[in-house]
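For reference, each letter of the sequence shown is one residue, going -25 to -1, 1 to 132 in mature numbering (1 follows the signal peptide of the UniProt record, and there is no 0). The beta-carbon is built from N, C-alpha and C at its ideal position, and this holds for glycine as well. Data block below; observations after.
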Amino acid sequence: MKIFNKTLIIAMALPLALGSMSAFASQDHNGGMKKGHHGGKIFSQLDLTATQKQEMKTLRQANRTEHKAQRVENRQAMQADQQQLEKLVLASNFDESAVRAVAEKMSQQQVERRVAMLEQRHKMLNILTPEQKQKYVELKQQQSEKHVMRLQEKSHH
């Protein structure tokens, strides 16, 4: 039962976290990747050719258009699910199967969003040459190590 309660809390908090997520890649006013947005800082270090930059821009624009169209629909669905969970939690009797069904639906929606995001990342990374991919992997590793060090520093304070 404790695991289920944790799952329920996560399922209820998930839409809040998702609501704050931005699109996979954002552009600055000059058409380039914003630093610090889902690997944009790393992409700027890969010495992309003009053709690669244009391909990345085209992918970002297509993704932004698609994401905009889905945003309102996703938000409405999340709000409806949240309201349904709230009703179930406030009910005089706890209906575990109904709560589980809504929580599983919300989890599946999260999986679908994650798959779409990773598909977009896959498309962007396949624009890179093998050498650029290797440099990307190295830069991501460095970024990850820096993040771990910052977390360790924070935990010691």
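Which same chain residues end up closer than 7 Å to LYS108 when comparing Cβ atoms and leaving out the 5 residues on each side of it in sequence? Within the same chain, LYS108 has close Cβ partners LEU100.
Measure the alpha-carbon distance for residue 133 versus LEU63 and round it to whole angstroms. The question about residue 133 has no answer here: the residues shown for the chain are numbered -25 through 132.
Which first and last residues belong to the alpha helix (DSSP H) in which SER19 is found? Premise fails: SER19 is in no alpha helix (DSSP H) and is neither H nor E.
Of the residues GLN84, SER130, GLU61 and GLN29, which one's Cα is nearest the Cα of GLU48? Selected option, being the one with the closest Cα: GLN84.
Buried/exposed call for GLN95, threshold 16 Cβ in 10 Å: Counting Cβ neighbours within 10 Å, GLN95 comes out buried, since at least 16 surround it.
Pairwise C-alpha distance: VAL86 and HIS122: Looking at the backbone, the Cα of HIS122 and that of VAL86 are separated by about 25 Å.
Suppose only complete runs of 4+ residues qualify. What are the alpha helix (DSSP H) ranges in the segment 14 to 83, listed by chain order? You should have 15 to 18 and 25 to 65.
My guess is that GLN118 and ILE17 are in contact by the Cβ rule of under 8 Å, so how many angstroms apart are they, rounded? At roughly 7 Å, the Cβ-Cβ gap stays under 8 Å, so GLN118 and ILE17 are in contact.
Look at the Cβ atom of LEU21, then the Cβ atom of LYS110, and state whether they are nearer than 7 Å. Yes, they are a contact pair.
LEU103 by DSSP, collapsed to three states: which one? Coil.
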